[in-house]
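Right, one structure below, let's go through it.
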Amino acid sequence: MMIEDIFSSRGRVRILRILFEIEELNISEIARRAGLNYTTTNQHLQMLEKAGLIRHKSFGRIRIYRFNEENAKVRVIKDLMAVWEQGSKQT
Amino acid sequence: MSYATVFKDETKLDINYTPSKLQHRNFQLKLLNQYFRHAIETPGKMTQRVIITGKVGTGKTVLTQLFGREITREAQRRNINLRYIHLNCRQNKGSFFLTLQQIVTQFHPTFPKRGYSAEELLQALIQILDTQNVHLIVTLDELESLIQNEGSEPLYKLSRIEETRPKTPRRLSLICILRELDWLNKLDASTRSTLQSNIIQLDAYTKTQLKDILNDRITLAFKPGTTPVETIEFAAELGTEEGGNARYAIELIWRAGKYADTEGDKEVSPEHVRRAVETVYAGIRRDEIAALDLHKKLFLLGISRRFQLTKGAYLSMGEAEEAYTIVCEEFDKKPRGHTQLWKYAKELSNLGIIKAEPSTSGQRGKTTLIGLPHITATNLETELNKILQHAKRG
Ligand SMILES: Nc1ncnc2c1ncn2[C@@H]1O[C@H](COP(=O)(O)OP(=O)(O)OP(=O)(O)O)[C@@H](O)[C@H]1O
Ligand SMILES: [Mg+2]
């Protein structure tokens, strides 16, 4: 998957940011915080999971998503977000 | 600007403070450790259920908390993944769902709050314990509320969960805290029998024991030389008369210290303790009243006011209802119905705040009578007014 595919969507970036801040969360709550509907959120999450950036745990009907820390790209994405947050606080 | 105080560190008198050692509970602490020895020596082989019982202020909560602290420390030393979680069922409104949720969020703080059942939550918990290889000891403190609210089912499920998965390591142990063992009779026979085998009874403290407890606490909380022996004696004696209640004795000495401070005295005298007696209520806990639903508070307020009017020993349910309706008007709230109030009366009675019992004499028909055995009506009203102040404004 190309980098453009991931970052071309506001919704997906939003979701990544939410997971960066909250660490782990279920779909409905991600959807609520992202301001997206359930189906769209689900699609984004599936794509991000396919790209190996996030993964989920299931508890019965409940699915909880978090970053896939084993992926080297994830470390860089989280660094980017940390630096970005820092930057926006300063300016 | 500086002003004198008899206190060195008041936080040591707070109800949330857990002392690092207990007086006169070594035997019970050892017993508890023995019951859970396998959790340290052969984790996963078996689980345990223990009941701790004793009257108000006999150290049930503090004993288990200290045990939890010690056993997790010992487990850490041995590289065993053991967690101790202490839950108060009353604070969780007697709800099994909220109780389980409080456990699960210890492991997954953002676990969703809605959209599934207690059953699913219990399954999730077991799954979490398995994947994280955790052994868990859960203390269900003030278990009365959970039994009252949900009957046998929660304990049935908690004690059976291991049996539904025979080949996996045992992970979930329970400590149940009850003031009265009678509550067990409300459980179905099989649940009762799985719980009943290990019971630790905490007897009321004697005067000498209360003195030792007070002395320890005073050393931590008061400046040296501020609390003469006779003051401690007196507070210990009052604590003994109130059923060997350590919380009461500690609260008395705290409040007495406050009076000494406001009067600018360098020492806490028995007279300060006497004054404290008027404002500290042994059988009732301030936080219990504060945690009640608004309408239960309003109901209590009505009761306390009516008692001041009638001066009798009991109110009929009808009188209590009428008083409550007037209070509701004052607070601009729609009064709850008869059945609801009758339920409130029973619940408040179970908490020990009022006494609700069916009238015996045929004279008044078959009504419920309400008594106020543990607190004066004026003190109850004062307390409620303090708590309800903002409810009125808001
Ligand atoms: N043996 C003891 N040594 C030192 N402090 C004690 C001892 N027993 C009780 N206390 C203190 O007395 C107070 C009441 O104890 P605790 O809260 O454990 O009582 P309880 O049995 O749980 O009462 P309740 O039934 O009202 O919940 C607490 O502040 C506790 O720290
Ligand atoms: Mg307690």
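Residue numbers (our numbering), protein chains in the order written: chain A, 4 to 94; chain B, 364 to 757. Heads up, the beta-carbon is just placed ideally off N, CA and C, and yes, glycines get one too. Note that the structure is a prediction, hence the values are computed from the model and not measured.
Here residue 27 of chain A is bridged, per DSSP, to A/69.
At least 8 Å separates the CB of residue 73 of chain A from every CB of chain B. Pairing residue 80 of chain A with residue 71 of chain A gives a Cβ-Cβ distance that is not under 8 Å. With distances taken between CA atoms, residue 482 of chain B lies nearest to A/64 out of A/12, A/52, A/64.
Taking a C-beta cut-off of 7 Å against chain B, the contacting residues of the region 29–63 of chain A are 29, 31, 32, 62, 63, listed in chain order. One Cα belongs to residue 675 of chain B, the other to residue 666 of chain B, and the distance between them is close to 12 Å.
Rounded to the nearest whole angstrom, the C-alpha separation of residue 698 of chain B and residue 514 of chain B is 28 Å.
By the neighbour-count definition (other C-beta atoms within 10 Å, threshold 16), residue 493 of chain B is an exposed residue. Contact check for residue 426 of chain B against residue 392 of chain B passes: the beta carbons are separated by less than 8 Å. Remark: the C-beta of residue 385 of chain B is in contact range of ligand 1, defined as less than 7 Å to any heavy atom. It is roughly 4 Å from the alpha-carbon of residue 607 of chain B to the alpha-carbon of residue 567 of chain B. Non-local beta-carbon contacts of residue 468 of chain B in its own chain, meaning distances under 6 Å to residues more than five positions away in sequence, involve 474 in chain order. Closest in alpha carbon position to residue 552 of chain B, among B/653, B/745, B/703, B/518, is B/518. CA-CA distance, residue 439 of chain B to residue 433 of chain B, rounds to 10 Å. Counting along the chain, residue 721 of chain B sits inside the beta strand (DSSP E) bounded by residues 718–721. At a cut-off of 8 Å between beta-carbon atoms, residue 80 of chain A makes no contact with chain B.
Each of B/386, B/416, B/748 was checked against the Cα of residue 661 of chain B, and the nearest Cα belongs to B/748.
Residues close to ligand 2 by the beta carbon criterion (under 6 Å to any non-hydrogen atom) are, from first to last along the chain, B/423, B/424, B/504.
Boundaries of the beta strand (DSSP E) around residue 58 of chain A: 57–62.
With contacts defined by Cβ atoms closer than 8 Å, residue 542 of chain B and residue 418 of chain B form a contacting pair.
Taking the C-beta atoms as reference points, residue 510 of chain B is found no nearer than 8 Å to residue 558 of chain B. Listed in chain order, the positions of the region 486–501 of chain B with a beta carbon within less than 7 Å of a beta carbon of chain A are 486, 487, 490.
Within the model, the alpha-carbon separation for residue 736 of chain B versus residue 490 of chain B is close to 47 Å. Residue pairing by DSSP puts residue 679 of chain B in a beta bridge opposite B/732. Taking a Cβ-Cβ cut-off of 7 Å, the neighbours of residue 471 of chain B in chain A comprise 27, 67, given in sequence order.
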